[in-house]
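Under UniProt numbering, the first residue of the sequence shown carries the number 1, and numbering increases by one thereafter.
First the structure, in the form of structure tokens, and then the observations on it.
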Amino acid sequence: MKWIQRAAGAVVGSAVGDALGAPFEFGPEGAFSARFPAPGAGGEMCGGGGWDPGEATDDTQMAVLVAESLLERCGLDLRDIFARFQRWAVSEPKDIGLQTEDVLTSGAPWDLAAAIHFQVNQRAAGNGSLMRASTSAVHFAAAGQEATMEAARRITALTHGDRAAWEGTAIFHELIRLTFEDIDPFAALPDVLALVHPDHRGRYATVLAPDWHPERATEFNGAVWPCLGSAVWALRTTTGFEHAIRAAIDLGGDTDTVAAVTGGLAGARYGLDAIPARWIQPLHVPLPGFDGRVLYPTDLLHLAHRLLGEGRR
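Here it is, written out as structure tokens:
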């Protein structure tokens, strides 16, 4: 499969998972299949919980902000990404993670805000950086293993001072790169885990093991490692994009983010054409704080093309 099919699949797939999962956030297990028992029947982009049908949440909004910074600044400009995040955060988005909001509105400098927050709270391992990583993973895939994992850590550190969050996002980046290279990312996991910081390698080895199940999670899937583990589980135990997303949302809990992460991985694996058109068509991504802009599927496809092209340069 061509890289562009995988890149478009990762970006659009993550947004689709986000929008599908949002109405079921913090709901019970199995709620998605209870409402839509027949795969392929339609109507799943239902909206609810304050979200319009097909509306993407903060997960995709922040991913777009990262993408546009990478493209407009011709590479990684951390100060610029942080400034875009701040502009968005103070514009009353419908949803924003509590930790992310605290960091972005603290008034602390861009290169210290997350570290100060972590020093004070000693808790910063949420999945709020993993959720936005599809676009940066596409951009840095061509740069190689070391570069893509380091970029993931640096972008994460803008809002998350706990290295556990850095490592989870770095693993996600590398899984996307491996998939682009037509390498089975799950078979390569032992080698990927060897690159994870020793302080956090064990917890990721546990949730990424072939026999792990989300029922064995010791933390809510709003934490970064069970979130990533749940997404990998959803891909391992299903065949096809649609079934992976259904499995992810049916876990309950932080459904928009688990489905967004699953959608990024599944989109890269199966390609854009595997994503049901009925899920893509209503998709839209408002950008609070940016002059009322709304991105639609064609805009996301254009972003994916540009991210891949610029990354290859």
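Just so it is clear, CB atoms sit at the ideal spot from N, CA and C, and this is done for glycine as well.
Excluding the five sequence neighbours on either side, which residues of its own chain have a C-beta within less than 7 Å of the C-beta of residue i, listed in chain order?
i	result
H197	R163, E167
A223	A125, G126, N127
T257	D59, N127, M131, C227
D102	H117
S33	R246, D250
S230	P214, N221, A248, L251, V258
W233	W212, H213, P214
For the candidate residues the options, whose alpha-carbon lies nearest to that of residue i?
i	options	result
L175	R278, L130, E219	L130
L76	A114, A137, I116, V90	A137
Q99	E29, A114, A209, E92	A114
T239	L287, G267, G48	G267
E146	A22, R293, H173	H173
C46	G30, T60, G21	G21
residue 314	S230, I249, T218, D95	Residue coverage of the chain in this structure runs from 1 to 313, which leaves residue 314 outside it and unanswerable.
L70	L208, R201, T135, V11	T135
V16	P28, E44, R35	E44
R79	G48, A157, F290, P297	A157
P93	R313, L300, G289, P297	G289
G48	G27, D191, L104	G27
Can you give me the C-alpha to C-alpha distance between residue i and residue j, rounded to a whole angstrom?
i	j	result
A83	P109	10 Å
G253	I4	32 Å
D199	A205	12 Å
F140	P23	31 Å
I280	F186	27 Å
T262	E25	15 Å
L235	S106	38 Å
G311	C74	9 Å
P210	Y270	20 Å
V11	N121	32 Å
G202	L193	9 Å
G292	H160	28 Å
G9	G97	26 Å
A152	E29	31 Å
A143	R313	9 Å
T237	T218	20 Å
V90	R216	37 Å
L287	E68	12 Å
L104	E72	21 Å
D182	L301	21 Å
Skipping 5 residues on each side, what residues in its chain have a beta carbon closer than 8 Å to that of residue i?
i	result
P39	E242, H243, R246
L195	Q145, M149, A170, E174
A7	V138, A141, F180, A268, A304, H305, L307, L308
F220	P226, G253, D254
Q119	G161
How many whole angstroms separate the CB atoms of residue i and residue j, which I take to be in contact at a CB cut-off of 8 Å?
i	j	result
G50	A19	Not confirmed; about 13 Å, so no contact.
M62	F36	The Cβ separation is near 27 Å, so there is no contact.
W88	L65	6 Å
L295	V285	4 Å
I275	I155	At roughly 25 Å, the Cβ-Cβ gap does not stay under 8 Å, so I275 and I155 are not in contact.
L208	L189	5 Å
Cβ of residue i within 7 Å of any heavy atom in the ligand SAM?
i	result
V258	The ligand SAM is absent from the structure shown, which contains no ligands of any kind.
According to DSSP, residue i sits in a beta bridge with which residue or residues?
i	result
E55	H284
V207	V207 is not bridged to any residue.
G48	W51
L295	V285
G126	A223
CB-CB under 6 Å to residue i, same chain, minus the five flanking residues each way: which ones, in chain order?
i	result
R278	G42
S14	S134, A260, G263, G264
residue 315	In the structure displayed, the chain extends from 1 to 313; residue 315 sits before or after that span and is not available.
P282	M45, P53, G54
A31	F24
A165	A125, S129, T156, V224
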